[in-house]
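Participant:
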Amino acid sequence: MHLLDAKLRIDDPVGAIAVHGLCGIWGTLAVGLFSTSSGLFNGNGLIQLGIQSVGVMAVVFWTTACLGTLLWVIKQVTSLRVSKEEEIARLDFIEHGSNAYALKEVFVSSDEASIALNSGWLLN
């Protein structure tokens, strides 16, 4: 999902938007295409596909409005980001007191972390 990461600058490391968002939209629109009782590909016209499309647009609008409002309120009250130090130290350890992954070695040396921080690589 290069578009989400690079262009829209949406941080989605586990691909939740692709799985739940885009696949959910496809599944909803597929009903309008493939339904045996009212689907476009079974000779029943665009009515069901139009209804499904309106449903998709309504959910996208509602989700965007609610999430946008919630994130705006949170941003007014507190920060949405952790400090640079917490991000480099890895949040699983800071928040939970243990590592989420059993790593045998550290993948980013302190020199690499310093370079990454100074260039903004880790935070972009």
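Residue numbering for the sequence shown follows the numbering used here, beginning at 131 and increasing consecutively.
All residues carry an ideal CB built from backbone N, CA and C; glycine is no exception.
(1) Assuming Ala-205 is part of the alpha helix (DSSP H), what are its boundary residues?
(2) Taking the straight line between their C-alpha atoms, what separation do you get for Val-186 and Glu-217?
(3) On the three-pair Cβ rule with 8 Å, is the region 155 to 162 touching the region 179 to 193?
(4) By the DSSP assignment, the alpha helix (DSSP H) with Ile-147 in it spans what residues?
(5) In terms of residue numbering, what span does the alpha helix (DSSP H) encompassing Thr-281 cover?
(6) For Gly-169, count the other beta carbons within 10 Å of its own beta carbon; 16 or more makes it buried, fewer makes it exposed. Which is it?
(7) Kindly list the residues whose CB is nearer than 8 Å to the CB of Thr-166, restricted to its own chain and excluding five residues on each side of it in sequence; keep chain order.
(8) Please check the pair Leu-210 and Leu-201, which I expect to be a contact at CB under 8 Å, by giving their CB distance rounded to whole angstroms.
(9) Using CA coordinates, which residue listed in Thr-194, Val-184 and Gly-175 is at the minimum distance from Ile-147?
(10) What separation, rounded to the nearest whole angstrom, lies between the Cα atoms of Ala-136 and Ser-228?
(11) Does DSSP classify Asp-142 as helix, strand or coil?
Facilitator: Walking through what the data contain:
(1) Numbered from its first residue, the sequence shown carries residue 205 at position 75. Note on identity: in this sequence residue 205 is Lys, with Ala being the wrong assignment. From DSSP, the alpha helix (DSSP H) with Lys-205 extends over 177 to 207.
(2) In the sequence shown, counting from the first residue as 1, residue 186 sits at position 56. In the sequence shown, counting from the first residue as 1, residue 217 sits at position 87. Going from the Cα of Val-186 to the Cα of Glu-217 covers about 36 Å.
(3) Using a C-beta cut-off of 8 Å, the region 155 to 162 makes contact with the region 179 to 193, since at least three inter-stretch Cβ pairs fall below that distance.
(4) The residue labelled residue 147 in the question sits at position 17 within the sequence shown. Where Ile-147 is concerned, there is no enclosing alpha helix (DSSP H), given that its DSSP letter is neither H nor E.
(5) What is shown of the chain runs 131 to 254, which leaves residue 281 out entirely.
(6) On the sequence shown, residue 169 is found 39 positions in, with the first residue counted as 1. Answer is buried; the Cβ neighbour count reaches 16.
(7) Position 36 of the sequence shown, counted from the first residue, corresponds to residue 166. Listed in chain order, the non-local C-beta contacts of Thr-166 below 8 Å within the same chain comprise Asn-172, local neighbours out to five positions each way being set aside.
(8) Mapped onto the sequence shown, residue 210 falls at position 80. Mapped onto the sequence shown, residue 201 falls at position 71. Between Leu-201 and Leu-210 the Cβ distance is about 7 Å, and since that is below 8 Å, they are a contact.
(9) Your numbering for residue 147 matches position 17 in the sequence shown. Minimum Cα distance to Ile-147 is reached at Thr-194.
(10) The residue you call residue 136 lines up with position 6 of the sequence shown. The residue you call residue 228 lines up with position 98 of the sequence shown. Each residue's alpha carbon lies about 31 Å from the other.
(11) Here the question's residue 142 lines up with position 12 in the sequence shown. Coil.
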